[in-house]
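Enquirer:
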Amino acid sequence: MGLLKTELLLPKTATGYVTKNDYRRQLDITDNYLLAHNLYQRDWLEATPWTFQVKTYTEMATDVQTDPVKSEAIETIHQLIRLNLAPFFDKLHRAKDAKTGARILYEFLKDVGVLDQLIAWENEAAQLNQTQQIADKNSQGFNVFIQLLDQYVAILGDSEFDVPTFVALLTAAFNNTAYAQIPSTLDAVSVSEVGIVQMNNRKMTFFIGLNDQNLPEIAKPETILNDEDRTSLATLSPEFDELPTTEHVMANESFLAYTAFLNPNSQLFLSYAKTNSEGVESKPSPYLQRLCTHFAMSPTQLPDNLPATEHIATLAPLIGTKRQVLHRLVPTLRQVQNDRQALGTPLTYIEKLLTQDKTIQHLARQVFSSLHYFNKPQPLKPKIVDLLFGDTLNASVSQLETFYRNPYAYFLTYGLKLQEREIYDLSPASRGSFYHEVMDEFMKFLVDQHLNIADLKEGQIDMILNEILDRVYQMPQYDILSSTGRMHYIRYKLKEILKISIRNNILQSQHMRFKPFRTEIPFGSGQNSLRSLDYKLDPQHKVRIRGKIDRIDTAAVSNNQFFNIIDYKSSDHDLKYQQVFYGLSLQMLTYVQSVLDNLQALDLPKAQFAGAYYFHLHNPVIKLKDLKSGIDTAAIDGKVLTDFRYKGLILNDEAVLQIADEKIDKDSQVVPLYYSKNKDTFSSRSNSLVTPAQLQTLLAFNAHKIQAAAQAIFAGQLPLEPVRFSNNNTALNFSPYLPIFQFDAMLPENNYRDLGKDPSKRSAVIDYWLDKMLHVLNQSD
1034 MGLLKTELLL PKTATGYVTK NDYRRQLDIT DNYLLAHNLY QRDWLEATPW TFQVKTYTEM
1094 ATDVQTDPVK SEAIETIHQL IRLNLAPFFD KLHRAKDAKT GARILYEFLK DVGVLDQLIA
1154 WENEAAQLNQ TQQIADKNSQ GFNVFIQLLD QYVAILGDSE FDVPTFVALL TAAFNNTAYA
1214 QIPSTLDAVS VSEVGIVQMN NRKMTFFIGL NDQNLPEIAK PETILNDEDR TSLATLSPEF
1274 DELPTTEHVM ANESFLAYTA FLNPNSQLFL SYAKTNSEGV ESKPSPYLQR LCTHFAMSPT
1334 QLPDNLPATE HIATLAPLIG TKRQVLHRLV PTLRQVQNDR QALGTPLTYI EKLLTQDKTI
1394 QHLARQVFSS LHYFNKPQPL KPKIVDLLFG DTLNASVSQL ETFYRNPYAY FLTYGLKLQE
1454 REIYDLSPAS RGSFYHEVMD EFMKFLVDQH LNIADLKEGQ IDMILNEILD RVYQMPQYDI
1514 LSSTGRMHYI RYKLKEILKI SIRNNILQSQ HMRFKPFRTE IPFGSGQNSL RSLDYKLDPQ
1574 HKVRIRGKID RIDTAAVSNN QFFNIIDYKS SDHDLKYQQV FYGLSLQMLT YVQSVLDNLQ
1634 ALDLPKAQFA GAYYFHLHNP VIKLKDLKSG IDTAAIDGKV LTDFRYKGLI LNDEAVLQIA
1694 DEKIDKDSQV VPLYYSKNKD TFSSRSNSLV TPAQLQTLLA FNAHKIQAAA QAIFAGQLPL
1754 EPVRFSNNNT ALNFSPYLPI FQFDAMLPEN NYRDLGKDPS KRSAVIDYWL DKMLHVLNQS
1814 D
């Protein structure tokens, strides 16, 4: 990419070379493609065309689309490299002598148009009247290159050609070549380095950067010959006596400083920065310290900002160029504004002068406007809202959860549709999609083959899983899993997670009467899906909710039929009433409502809700201290099964509780239930049990939160208000939009939205939050 970004090697068309703007666009697209695919040399040299695929991971599906415009762009760059560089390197490695190698390099530069580009640059610079600064710089570089080739051929022309040595010689030669500077007569101020010979007619000299790292300068070898080589050569012949070693260079530093200090005939200013670019304190050069000691001087420390004073004499040494003054004036204006102090007549005059000066007034006014800037997004105008969202908000539940986590993040993600650059890695979204894909295929296989999940054996699990994985690995959205050794190892770990998760899901089914009925059931996505959840907000606007339910399990008890909803998660989840109240956990209740609204379409006309569970796909770690009954296979398997226990809601109904875990003994290993044999009652330590009335309250409040979010979005109310959880985690954690947010809790306009805490008594949690939900619902009515 370094070569391509020089813009010396451009693709050719039938009429000439592509324009710079088109080439830069192609290169930017290729840069993104390379970042996302981690290509190797063999990939550049293969003739197979490159295609730019856009992968989108949503609740509904994993979509892979080919972008023809971007595919053409990356293929242009691909063929530019393959058809030009590959043959060149092949010829270069077959060159027998140095003369042939140099000729091949020159002919390559000519054939691919590098020389043409240098001429084009020179012509462009001439048209812009920049010949002295730009065109001369380009021609100098090319002339140095030609001289290097001539000298190389003259000295080593008949020698055996070695590519690494050739490259090292060219690199060292370029690094150690001095280029001509702009004649000082063209500048009122001449900027130069200490080591360059200076004229002695300077009136004033400003010595900048006089710290212990710059003078004496720490010698860094950048040549082929090291000190040992140079000393050895000096012993062989007097011709090599002039080759300087590091010791000679360091010894010469004092002389260079001496000549630099004697350069002016009137005034000498010596200075160094208090800290370096990383904020580390700098120390003065020992030469400066000697001068201060000899002349009994003390360095004057200048303030970073311009002081608000009436004394012009104090300000005079700090006044420089217009840009420099502007840079140092802004912090002073901010400080004066915050402290409510007077700016002073001199700085007031300077501020006015900068805003009226035609050469800098636009920049000055723009910079000064930052003093009155508030980091607070403004509400969207109705016209913009209509353009972004229309009159029907088609949203998934996770999108509305994003709104409640941070409304402004929702605007950036789903309004402006901003996306991060794709990088070559297995993202959490693609990992979750992979889990869902395999679990869906596995459960569909059982349903299609009329297999009872509870009866599966270990060998059957391996056979079915391997067959499914072989198909999934071939899908383009998961090709990354077959790319490198590291990805093959990750693939193995994912398989192990799926295997142990499926194995324990089978063990769970042996405790429960519920069996898989359907998997991956979409709603609100068009054909072959259930009806969406539609809410009319006003005569002009409505919200339509779509999604996909991972699994529905069913069970029959006498003449009654019940259903469970299972949602796969790659991280630990539970339904927390606090998060339901604040709109941060809408998904599960929305799924429940969708099933209840579509019982006829699901062929479950009289089915009743039994439970809604999260199933965590993971490979649990069992601690030794948790194996209280002893270390044996049964104990370990029992602890693993408990670690996979479903979390969520269970209907507090006797018929449901009897079939939720038919092997329950005190604490259930599969559902969040506790059974007391003495009292013959069920309870839940995690407040998972809900009565039918409580379930209706939760569903009604969930619908209210959906509508409230949609109403705020249509009203253009998308403030920067990230949620802050009780453990000090915030919605800003891991957000890709931090540079856009510029959120600063120290600013009065930037505030977190803190969540209320659960009551200290665990048994009071559900009643506490349901009362708050009922209060909100009653107010909304």
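FYI, the numbering for the sequence shown is 1034 to 1814, going by this note's numbering. Note that CB positions come from ideal geometry on N, CA and C, so glycine has one too. All values reported here derive from a predicted model rather than from experimental measurement.
1. Roughly how many angstroms lie between the CA atoms of PHE1122 and LEU1138, to the nearest whole one?
2. Using CA coordinates, which residue listed in ILE1582, TYR1615 and GLN1612 is at the minimum distance from ILE1599?
3. If you pair each beta-carbon of the segment 1585-1603 with each one of the segment 1641-1648, do three or more pairs fall below 8 Å?
4. Is there contact here, the segment 1192-1200 with the segment 1113-1131, by at least three beta-carbon pairs under 8 Å?
5. Please identify the residue among ASP1076, TYR1073 and PHE1747 whose C-alpha is closest to the C-alpha of ILE1417.
6. Taking the continuous alpha helix (DSSP H) assigned at LEU1420, which residues delimit it?
7. To the nearest whole angstrom, what separates the beta carbons of ASP1630 and ARG1564, a pair I think is in contact under 8 Å?
8. Give me the DSSP bridge partner(s) of HIS1126.
9. Tell me the DSSP secondary structure of SER1709 in three-state form.
10. Does the distance from the CB of PRO1241 to the CB of TYR1185 come in under 9 Å?
11. Could you work out which residue in GLU1108, GLN1611 and GLN1368 is closest to TYR1801 when comparing CA atoms only?
12. Helix, strand or coil for LYS1528 per DSSP?
13. In whole angstroms, what separates the C-alpha of LEU1489 from that of GLN1541?
14. If we call anything under 9 Å between Cβ atoms a contact, is VAL1576 one with ALA1428?
15. Do you know offhand how far PHE1199's Cα is from LEU1068's?
16. In the DSSP output, what is TYR1050 paired with across the bridge?
17. Determine which residues share a DSSP beta bridge with ASN1815 and list them.
18. Which word fits LEU1404, buried or exposed, when buried means at least 16 other C-beta atoms lie within 10 angstroms of its C-beta?
19. Identify the continuous alpha helix (DSSP H) that holds HIS1395 and give its terminal residues.
20. Could you spell out the range, first to last residue, of the beta strand (DSSP E) harbouring GLY1465?
21. So what's GLY1312 in DSSP terms, helix, strand or just coil?
22. Helix, strand or coil for GLU1754 per DSSP?
23. Keeping to the same chain, check which residues put their C-beta closer than 7 Å to that of ALA1487; ignore five residues upstream and five downstream.
24. Rounded to a whole number of angstroms, what is the C-alpha to C-alpha distance between GLU1155 and ASN1209?
25. In the DSSP assignment, what residue or residues form a beta bridge with GLU1193?
26. Would the segment 1695-1714 and the segment 1383-1402 be scored as touching if the rule is three or more Cβ pairs under 8 Å?
27. List the residues that DSSP assigns as beta-bridge partners of LYS1680.
28. Hey, which unbroken runs of the alpha helix (DSSP H) at 4 residues or more fall wholly within the segment 1604-1656?
29. Could you check where the alpha helix (DSSP H) with PHE1747 kicks off and where it finishes?
30. Out of curiosity, what's the CA-to-CA distance linking PRO1271 and SER1265?
31. Is it right to say PRO1549 is buried, meaning 16 or more other beta carbons lie within 10 angstroms of its own, or is it exposed?
32. Starting from ALA1588, follow its DSSP beta bridges and name the residues at the other end.
33. So does the segment 1500-1520 actually touch the segment 1460-1474, counting three or more Cβ pairs closer than 8 Å?
34. Residue range of the beta strand (DSSP E) that THR1714 falls in?
Expert: A quick look at the data gives this:
1. 9 Å
2. ILE1582
3. yes
4. yes
5. PHE1747
6. 1415-1422
7. 7 Å
8. Its beta-bridge partners do not exist; DSSP assigns none.
9. strand
10. Sequence inspection shows Ile at residue 1241; the Pro mentioned does not correspond to that position. In this structure, TYR1185 does not lie closer than 9 Å to ILE1241 by Cβ.
11. GLN1611
12. helix
13. 12 Å
14. yes
15. 31 Å
16. LYS1045
17. Outside the displayed span of the chain (1034 to 1814) sits residue 1815, for which this structure offers no information.
18. exposed
19. 1394-1401
20. Per DSSP, GLY1465 belongs to no beta strand (DSSP E); it is in the alpha helix (DSSP H), 1461-1481.
21. coil
22. coil
23. ILE1539, SER1542 and GLN1543
24. 25 Å
25. ASP1130
26. no
27. TYR1647
28. 1610-1614 and 1620-1630
29. 1725-1747
30. 11 Å
31. buried
32. PHE1595
33. yes
34. 1714-1716
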